[in-house]
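Worksheet: the structure to be examined is printed underneath.
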Amino acid sequence: MKEVMEEAVLLFLLLVIYTPDAQGTRYSPPGKPELTRCRSPEKETFTCWWKPGSDGGLPTTHALYYRKENSDTIYECSDYHTAGENSCFFNKNDTSIWVNYNITVVASNALGSTFSDPVDIDVVYIVKPNPPEKVTVTVMELKEWPFLRVSWEPPHKADTRSGWITLIYELRVKLEGDDEWEMHLAGQQKLFNIFSLRSGGTYHVQVRCKPDHGFWSEWSSTSHIEIPDYLHREKSMWILIAVFSAFIFLILTWSLHMSSHRSLKHCILPPVPGPKIKGFDKQLLKNGKSEDLLRVLVVSDFPPTTPSNYEDMLVEYLEVYVPQEQEVLLEESKDLHDSCLKFEGSTSDNDSGRVSCDSHTLLMDKCGEAKEEGRQTDQEDSTTEAEAQGQQKDWDQDTLMYANGDILSPEKSSGRVKTWPSVFSPLPQYTLSLPDQTSSLEMAKQHCYSDSLFCPGSTSSYLTHLGNNDNETLGPGSWEICLSNRQPYSHIPQMQTCQQVRSHSDVNISTIARKQEPAGLPLPFFRPTAYVEVQRFDEEDMVVLQSIVSDHGFHEGFPQMLQQEDYSKVKGVDSNNMLLLQTEAMKEDGDGTTPHKPTAHIHTVVSTQDEMAQPASGYVDTATIFTLPTY
Amino acid sequence: MSKNFNVDPKVLYMVVSSSAVPVTDLLDRASQRSDKLHALSTSLSQELNSHLPLIGRVITPRPSMCHTAALQTPTDKTQTLQLSEANLLSLARSLLQAWMDPLVDISTSANSLPHPARNIISNQVQELQEHSKSLEDGLDILSRKMGPVAQTISFLPYLRGNDISQDRISSLINLQFLMSCFRRDSHKIDSFLKVLRCRAAKLQPQMC
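Top line first, the protein sequences correspond to chains A and B.
Residues 1 to 631 in the numbering used here are what the first sequence spells out, letter by letter.
Residues 1001 to 1208 in the numbering used here are what the second sequence spells out, letter by letter.
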């Protein structure tokens, strides 16, 4: 009986088991499990998780086996529970680093077991720490501006103190309700300030960490912090708005007020006054013709505009007009003159009114040449004289100013001596012989003086030749005496030392404007320029020169030697065609003593050419005379 | 090689107080460089693996065959922290020195790779060599400040690839193997230096 029962049960069981079609279930060995991941939180332990395959309808068990490199021993996981289901936890004793683990999971059930694929891991490569702990967020203030201070601690398991693990941190912030987080990388520090806060509200903060060569941890639990509204910050803005609106209100009120009394337009845009220039024609302006305008602006009686060179203004001269003047190389002289002028102009002499013609700046050579050459210009003279006259008016104060308007008109008439009528009586015409051309040039050169320079040949007075050209043009000749202290006139050869010469008669003075070579003669001091006035011309063919002492005198305190000596007498012309000047002993009480003897001052300044029969026009440089020591 | 588990703080502190450039700074710089070295080796290793998946995985030589396996190194934290500073430095220097020649070989074979990413790999290998060299120099300087023990270097012979005429697959596999060995060793170096850094910076906990 029992045996029948057992067989029936077995049969029943078999039927049940082996009728799958009817029931749809089938038992099979377990499916292949799969190791999903292994992680180590602190490089001291690690855990592996797997995913089981199908269980085949039967209870299956899993087992994990591992093998370390260098060893063939197979170990089984000793802890399947600490880490949860389907996990294996390797404790410290079982964990070795820098060692490869070969891990396999086996699933087994009643029908069999299935091995998973083996996995090789090295613990140091699978480090994923726990999230940071004790995250604290506080609100702090910096100059009335709030910011968040977040601080945290590393996960307690990670040993960062010994340097076993090096962690870097990252945190993220967002306002409640926002979708996006604001990320901040914090490096190895455990403290972080967040300044990018907006208005009041609730903020969420989270922190996570990562080892130097590993995986990021999970985010820490969210910390909530509430930022109060900072009204006082906004208060300042309200104040600003209030002030601004008050200002606008005031403007509106004022504009309304203005509009009620007067046209607002009139207030804001007052009428533009028209121009009130005398003699100015608005129509001209409207016509828009600039030329007319400019012409109108230019006043006719405006003092003559500045000459080409301001030196011209300083030029005074006595021009003795030679009738038969020829056009000497005007251009050349002019060029020279210009160059001289320019040169002179460059160095400004403060004391423009100085009587002495000594000029620091005169270029000897050029000036000398210019002196001689430029004399011829008639027309030029006229204009220049006119200019000079005009300029001279300005220089009235100047002691040098002796020229006047009468000089201005050079005439072609021969032998008219132009003088300064205001000062002197008109001089009779006289003629001077023209010296040789070259020599005149030389002499002219030599006659250049400067205060400091020792002009070669500036020994004695001289008469420069005028018109140094091949043609002995100067018939009657004329004296041209340069008055300018500094700036020679264009057509007048420059003469440093100028004399006022008055020719009293029409006498041929065969004087030669030629200075001796005063080689080695030093000019010890300033040569005060002396002005000599030709008073008369004696029958003896003597030119009496009267020294003229200007009131202005020699500002620099020159020894008033001029007062003491009077070289007003032309003794005569010697055989050498030298003009001998003679001083009249008129000692005045002067400041200084004159070392010069009267006789000494009788120098013939220049020697003309022997050929020159005619008296040369030249300059009598009495100043030089007296300054020079006797020899 | 005998392990010296005695920590000798006197040597370290003396060094710290007398050096012109603080040892902490030197260690910090060395740590940064070793960090970079390991990162480079990791990326290079992954680059190689990605292009040679199947074959490489199957025939991957075991890491115990690395030529530096002869050098005994700690295998867990306890052992590591027991090492003296001089020992740690000596180990790091030995490992680094052992890789100077192999890196040349790696560079050569990387240049002749039948590999689509050959240029990238070559560049990375070259960068690797540069970093290794500079780290070696830095550790040299450090070792002089830390006494004779730190200056001893264990010699680890490296046997070049026997067959120059290796087929390409074999050379590639060899390359992968070498890179995996180097990756691990660079991690060891990095770990030792960071432990050293933290020990030297007692007054600067933020370094740890």
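Glycine included, every Cβ here is placed at the ideal spot set by N, Cα and C.
Here the structure is a predicted model, which means the values were calculated and not measured.
Where residue i falls, given that 16 or more other Cβ within 10 Å makes a residue buried
i                 : result
Lys2 (chain A)    : exposed
Leu1178 (chain B) : buried
Leu1037 (chain B) : buried
Tyr27 (chain A)   : exposed
Leu1175 (chain B) : buried
Asn109 (chain A)  : buried
Arg161 (chain A)  : exposed
Trp254 (chain A)  : exposed
Pro211 (chain A)  : buried
Trp238 (chain A)  : exposed
Trp50 (chain A)   : buried
Thr61 (chain A)   : exposed
His156 (chain A)  : exposed
Trp145 (chain A)  : exposed
Glu42 (chain A)   : buried
Glu44 (chain A)   : buried
Ala1092 (chain B) : buried
Coarse secondary structure for residue i, derived from DSSP in three states
i                 : result
Thr1108 (chain B) : helix
Trp152 (chain A)  : strand
Trp705 (chain A)  : What the structure shows of chain A is the stretch from 1 to 631, and residue 705 (chain A) is not part of that stretch, so it cannot be assessed.
Met1 (chain A)    : coil
Arg67 (chain A)   : strand
Lys174 (chain A)  : strand
Arg26 (chain A)   : coil
Met1146 (chain B) : coil
Ile225 (chain A)  : strand
Arg1160 (chain B) : coil
Ile126 (chain A)  : coil
Cys1208 (chain B) : coil
Ser236 (chain A)  : helix
Minimum Cβ-Cβ distance from residue i to chain A less than 8 Å
i                 : result
Ser1064 (chain B) : yes
Val1125 (chain B) : no
Gln1176 (chain B) : no
Thr1073 (chain B) : yes
His1067 (chain B) : no
Lys1194 (chain B) : yes
Cys1208 (chain B) : yes
Asp1035 (chain B) : yes
Leu1095 (chain B) : no
Arg1199 (chain B) : yes
His1131 (chain B) : no
Interface flag, residue i vs chain B, CB-CB below 8 Å
i                : result
Ser162 (chain A) : yes
Ser236 (chain A) : no
Ile97 (chain A)  : yes
Asn70 (chain A)  : yes
His156 (chain A) : no
Gln206 (chain A) : no
Val139 (chain A) : no
Ala61 (chain A)  : This sequence places Thr at residue 61 (chain A); Ala is not what is there. Chain B contact via Cβ: absent.
Asp122 (chain A) : yes
Asp79 (chain A)  : no
His213 (chain A) : yes
Opposing strand residues paired with residue i [DSSP bridges]
i                : result
Val119 (chain A) : A:Ile103
Lys210 (chain A) : A:Ile168
Met140 (chain A) : A:Phe147
Ser108 (chain A) : A:Thr61 and A:Ser113
Met183 (chain A) : A:Arg172
Glu133 (chain A) : A:Glu153
Phe46 (chain A)  : A:Phe90
Gly201 (chain A) : A:Ile227
Proximal chain D residues relative to residue i, where beta-carbon distance stays under 7 Å
i                 : result
Lys1202 (chain B) : Judged by its chain identifiers, the structure shown contains no chain D, and its protein chains are A and B.
Whether or not the stretch 78-95 of chain A and the stretch 130-137 of chain A are in contact is what I'm after, with contact meaning three or more pairs of Cβ atoms, one per stretch, closer than 8 Å; do they touch?
These segments do not touch.
Quick test of the definition: if touching needs 3 or more C-beta pairs under 8 Å, does the stretch 115-130 of chain A touch the stretch 98-105 of chain A?
Counting Cβ pairs under 8 Å, three or more are found: they touch.
Cβ pair count under 8 Å reaching 3, the stretch 1122-1140 of chain B against the stretch 1085-1102 of chain B:
With a cut-off of 8 Å, the stretch 1085-1102 of chain B and the stretch 1122-1140 of chain B count as touching, because enough Cβ pairs lie within range.
Any chance the stretch 49-57 of chain A sits against the stretch 73-82 of chain A, with 3 or more Cβ pairs inside 8 Å?
They do not touch, by the three-pair rule.
Do three or more CB pairs link the stretch 1188-1196 of chain B to the stretch 149-166 of chain A at distances below 8 Å?
Taking a cut-off of 8 Å for Cβ pairs, the stretch 1188-1196 of chain B and the stretch 149-166 of chain A touch, as three or more such pairs fall below it.
Could you tell me whether the stretch 137-153 of chain A touches the stretch 58-76 of chain A, where touching means 3 or more Cβ pairs closer than 8 Å?
Under the Cβ criterion (8 Å, minimum of three pairs), the stretch 137-153 of chain A does not count as touching the stretch 58-76 of chain A.
Is it the case that the stretch 204-222 of chain A contacts the stretch 165-177 of chain A, given that we only count it when at least three CB pairs across the two stretches are under 8 Å?
These segments touch.
Under 8 Å, with one C-beta from each stretch per pair, do the stretch 1106-1118 of chain B and the stretch 174-190 of chain A reach the 3-pair mark?
Taking 8 Å as the limit for Cβ pairs, the verdict is that the stretch 174-190 of chain A does not touch the stretch 1106-1118 of chain B.
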